[in-house]
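All letters in the sequence shown, in the order written, are residues 1 to 203 by this note's numbering.
Structure first, then comments.
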Amino acid sequence: MLSLCQDVFFKRRYFVMDYEKVYSLTAIADKLGRSRSSVYDWLHTYKEFIEPHTVGKGRTKKYKESIFPVLSLIEDLKAEGHPNDYIRALLASEGHDIVVEGETNENAPVLTQLTEAYKTILTKVETLESQNEDLARQNEKMANAMQAMAEVIRQTAATNEEKEAEREKRQLERDQMLIDTMRQLHADKQQEPKGFFSKLFGK
Numbered sequence: 001m002l003s004l005c006q007d008v009f010f011k012r013r014y015f016v017m018d019y020e021k022v023y024s025l026t027a028i029a030d031k032l033g034r035s036r037s038s039v040y041d042w043l044h045t046y047k048e049f050i051e052p053h054t055v056g057k058g059r060t061k062k063y064k065e066s067i068f069p070v071l072s073l074i075e076d077l078k079a080e081g082h083p084n085d086y087i088r089a090l091l092a093s094e095g096h097d098i099v100v101e102g103e104t105n106e107n108a109p110v111l112t113q114l115t116e117a118y119k120t121i122l123t124k125v126e127t128l129e130s131q132n133e134d135l136a137r138q139n140e141k142m143a144n145a146m147q148a149m150a151e152v153i154r155q156t157a158a159t160n161e162e163k164e165a166e167r168e169k170r171q172l173e174r175d176q177m178l179i180d181t182m183r184q185l186h187a188d189k190q191q192e193p194k195g196f197f198s199k200l201f202g203k
């Protein structure tokens, strides 16, 4: 009797440990808050990354809990507007499993698409690096041009200050010359000889 109970206990324990929750397409859509058609489209478009997380076939097909990180990544990349080839390449680079059932003509395009996607990403990265180098050169030219302009403005301001100082100096010299001339005229007038009537009347 004890042996029978132990056997039942261990079988139940094994069953609990071996059990893994699975989801239907509708349950996945509800959990993600997306339409059923959108989730179906993702499952079909990226099926090579979805198959490792499936249980059963056809109408009985269910999906493991492990599918949600894959679908969440797809959802984020879709929201950012990335093309399918880019998403496939990124899924592969992130280490997500991929199912390729032998080297058949049916699966060959998938590998080709992944290869082309990697090439596309590499080309875009190289293009961005080239654009960054061009921007750096343009920024350097602009900085040099602004520095040269600042020097011209500084020199112009200094020249204007010198011209203004010279103008004020000349004006002061003219004013002083006028004052000196008026003083000399006044002094000369005081020294003029007195006329007859002035001598007669003592004026």
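All C-beta atoms in this analysis are idealised placements derived from N, C-alpha and C, irrespective of residue type, glycine included.
For residue i, report the span of its alpha helix (DSSP H) as first-last.
i	result
residue 78	67-79
residue 40	36-45
From which residue to which residue does the beta strand (DSSP E) around residue i run?
i	result
residue 57	Run containing residue 57: none; DSSP gives neither H nor E here.
residue 64	62-64
In this structure, how does DSSP classify residue i when only helix, strand and coil are distinguished?
i	result
residue 21	coil
residue 105	Residue placement at residue 105 is poorly supported in this model, since its pLDDT is 44, which falls under 50; the coordinates are not used for a value here.
residue 186	helix
residue 140	helix
residue 171	helix
residue 116	helix
residue 129	helix
residue 162	helix
residue 147	helix
residue 155	helix
residue 176	helix
residue 48	helix
Excluding sequence positions up to five away, which residues of its chain have a Cβ less than 7 Å from the Cβ of residue i?
i	result
residue 22	55, 62, 63, 64
residue 117	85, 86, 88, 89
Can you list, in chain order, the residues of its chain with a C-beta nearer than 6 Å to that of residue i? Leave out the 5 residues immediately preceding and following it.
i	result
residue 67	53
For residue i, I'd like the list of residues in its chain whose CB is within less than 8 Å of its CB, leaving aside the five on either flank, ordered along the chain.
i	result
residue 163	none
residue 188	none
residue 39	25, 28, 29, 32, 71
residue 82	90
As a quick exercise: from the options, pick the residue whose alpha carbon is nearest that of residue i.
i	options	result
residue 69	89, 32, 44	32
residue 79	129, 151, 128, 34	34
residue 72	57, 42, 58	42
Quick check: is any heavy atom of the ligand FAD less than 6 Å from the C-beta of residue i?
i	result
residue 160	Within the structure as shown, the ligand FAD is missing, as the structure has no ligands at all.
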